[in-house]
Amino acid sequence: MGFITTIKEDIAAVRANDPAAQNGLVIFLSYPGLHAKWAHTPEHWLWNHRMRGLARVMSQVTRFFTGVEIHPAAQIGRRLFIDHAMGVVIGETTVIGDNCTLYQGVTLGGTGNETGKRHPTLGDNVTVGSGAKVLGNIHIGDNVRIGGNSVVVKDVPPDSTVVGVPGRVVRRNGCRVMNATFDAKRHRENMPDPVQEASMANRECIAENARRIRTLEQQVAELTELVHVLTSDSKG
0 MGFITTIKED IAAVRANDPA AQNGLVIFLS YPGLHAKWAH TPEHWLWNHR
50 MRGLARVMSQ VTRFFTGVEI HPAAQIGRRL FIDHAMGVVI GETTVIGDNC
100 TLYQGVTLGG TGNETGKRHP TLGDNVTVGS GAKVLGNIHI GDNVRIGGNS
150 VVVKDVPPDS TVVGVPGRVV RRNGCRVMNA TFDAKRHREN MPDPVQEASM
200 ANRECIAENA RRIRTLEQQV AELTELVHVL TSDSKG
């Protein structure tokens, strides 16, 4: 695919994903996420053609100007949208599919000094929220949404929503893993809070236990009164 075609695709992707986007010229000039992605193309070419020192230097220059660090060896699909861009890190063995969106502060990194494939693989149509960390040689399936500030260290199946530290699946194939009725009221947009849900479940269990205790206390009082009556009758 030609570079001009790629630029047109990327600008169209920004228009589709960013409600604040203006005309194509403004997008071309003012989106550092696009600049980082476009700069990665020659850097990746240099890396693959054994000019790795130059590729690394160029990637650091790109980082200085855009706030986005993409290792030259990373494999990036079509129409990647890095919104706001600042603080995004994409590691060496990362693979990103088509039509993915990364927000500011996202890290696609490793977990230590492993060798070989040590960074995540993202499928198509994956959205990673602000500040989220996706770490290690894990696979994120197609159409996955990762909530802001989540830390994901395990594989995620397709068509899922992940939130929390560590990240856990709270929606799969359009169905909530733990049902909640307060999302629409609080405008959470399918990004629930698992801690609050667990707290709600605990409160429901406490309320149920309190109800059972009241019932048992009432039954004990009735039995005590019955025993008292029977004892009085036997004495009489």
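Position 235, counted from 1, in the sequence shown is what numbering that gives the first Met the number 0 calls 234; the numbers after and before it change by one each time, with no gaps.
From the three backbone atoms N, C-alpha and C, an ideal C-beta is built for every residue, glycine too.
**Study point:** G128 to V87 span [Cα, whole Å]
**Key:** Sequence index remark: in the sequence shown, residue 128 carries index 129 (1-based). Sequence index remark: in the sequence shown, residue 87 carries index 88 (1-based). A straight line joining the alpha-carbon of G128 with that of V87 spans about 11 Å.
Review point. Applying the criterion that 16 or more other CB atoms from any shown protein chain within 10 Å of the CB defines a buried residue, is N112 buried or exposed?
Key: Taking the first residue of the sequence shown as position 1, residue 112 is located at position 113. It counts as exposed.
Point to revise | Proximity winner among P119, G173, R117, A209, relative to N142 (alpha-carbon distances) | key: Indexing the sequence shown from 1 puts residue 142 at position 143. Relative to the Cα of N142, the nearest Cα in the group P119, G173, R117, A209 belongs to G173.
Practice item. May I have the straight-line CA-CA distance separating T93 from T120, to the nearest angstrom? Key: Along the sequence shown, read from residue 1 onward, the residue named residue 93 stands at position 94. Along the sequence shown, read from residue 1 onward, the residue named residue 120 stands at position 121. A direct Cα-to-Cα measurement between T93 and T120 gives close to 6 Å.
Review point. Which of helix, strand or coil does DSSP assign to K132?
Key: As a position in the sequence shown, residue 132 is number 133, starting the count at 1. Strand at K132.
Point to revise | Residue from V169, Y30, Y102 with nearest C-alpha to N148 | key: Here residue 148 is taken as the residue at index 149 of the sequence shown, counted from 1. Residue Y102 is the option with its Cα nearest to N148.
**Study point:** Burial state of R185 (16 or more Cβ within 10 Å)
**Key:** Working through the sequence shown from its first residue, we reach residue 185 at position 186. Bear in mind that a pLDDT of 40 at R185, under 50, signals an unreliable position, so the model cannot answer this.
Review point. Whose CA, out of E203, G96, M57, H34, lies closest to the CA of H43?
Key: Within the sequence shown, numbered from 1, the residue matching residue 43 stands at position 44. Of E203, G96, M57, H34, the residue nearest in Cα terms is M57.
**Study point:** Integer Cβ distance of V152 from G135, believed to fall under 8 Å
**Key:** To locate residue 152, count along the sequence shown from 1; it is residue 153. To locate residue 135, count along the sequence shown from 1; it is residue 136. Sure, about 6 Å apart at Cβ, within 8 Å.
Check your understanding: Taking the alpha-carbon positions, what's the R171 to R144 distance?
Key -> Along the sequence shown, read from residue 1 onward, the residue named residue 171 stands at position 172. Along the sequence shown, read from residue 1 onward, the residue named residue 144 stands at position 145. Rounded to the nearest angstrom, the two C-alpha atoms are 10 Å apart.
Review point. Are V161 and G140 closer than 8 Å when you measure CB to CB?
Key: Your numbering for residue 161 matches position 162 in the sequence shown. Your numbering for residue 140 matches position 141 in the sequence shown. It is not a contact, given that the beta carbons lie outside the stated cut-off.
Review point. Which residues mark the beginning and the end of the beta strand (DSSP E) in which A91 is found?
Key: Indexing the sequence shown from 1 puts residue 91 at position 92. According to the sequence provided, residue 91 is Glu. The question's Ala does not apply to it. First-last for E91: undefined, no H or E at that position.
**Study point:** Closest Cα partner of L79 within the set W37, H118, I3
**Key:** For the purposes of this step, residue 79 is identified with residue 80 of the sequence shown, where counting begins at 1. Nearest neighbour of L79 by Cα position, chosen from W37, H118, I3, turns out to be W37.
Practice item. Could you check what DSSP says for H43 in three-state terms: helix, strand or coil? Key: Stepping through the sequence shown from its first residue, residue 43 is reached at position 44. Of the three classes helix, strand and coil, the one that applies to H43 here is helix, per DSSP.
Point to revise | Beta-ladder partner(s) of H138, from DSSP | key: Against the sequence shown, residue 138 aligns to sequence position 139. Beta bridge pairing from DSSP links H138 with T120.
Check your understanding: Expressed to the nearest angstrom, what Euclidean distance is found between the alpha-carbon atoms of D182 and V60?
Key -> Here residue 182 refers to the residue found at position 183 when the sequence shown is read from its first residue. Here residue 60 refers to the residue found at position 61 when the sequence shown is read from its first residue. Note that D182 scores 41 on pLDDT, short of 50, meaning its location in the model is unreliable; the coordinates nonetheless yield the value given after this. Cα to Cα, D182 sits roughly 43 Å from V60.
Check your understanding: Can the beta-carbon of V13 be found closer than 8 Å to that of I3?
Key -> In the sequence shown, the residue the question calls residue 13 occupies position 14. In the sequence shown, the residue the question calls residue 3 occupies position 4. Contact flag unset, no.
Check your understanding: Rounded to a whole number of angstroms, what is the C-alpha to C-alpha distance between S198 and T106?
Key -> The count along the sequence shown starts at 1 and reaches residue 198 at position 199. The count along the sequence shown starts at 1 and reaches residue 106 at position 107. Between S198 and T106, the C-alpha separation is close to 29 Å.
Practice item. Mind reading off the beta-carbon distance from I237 to E68? Whole number of angstroms is fine, and I expect it under 8 Å. Key: A question about residue 237 goes unanswered here, because the residues of the chain that appear run from 0 up to 235.
Review point. With distances taken from CA atoms, which of L33, V219, T126 is nearest S248?
Key: With the chain covering 0 to 235 only, the question about residue 248 has no answer from this structure.
Exercise for review: Would you kindly check if the distance between the Cβ of H39 and the Cβ of I75 is under 8 Å?
Suggested key: The residue given as residue 75 occupies position 76 in the sequence shown. The residue given as residue 39 occupies position 40 in the sequence shown. Cβ distance < 8 Å, so I75 and H39 count as in contact.
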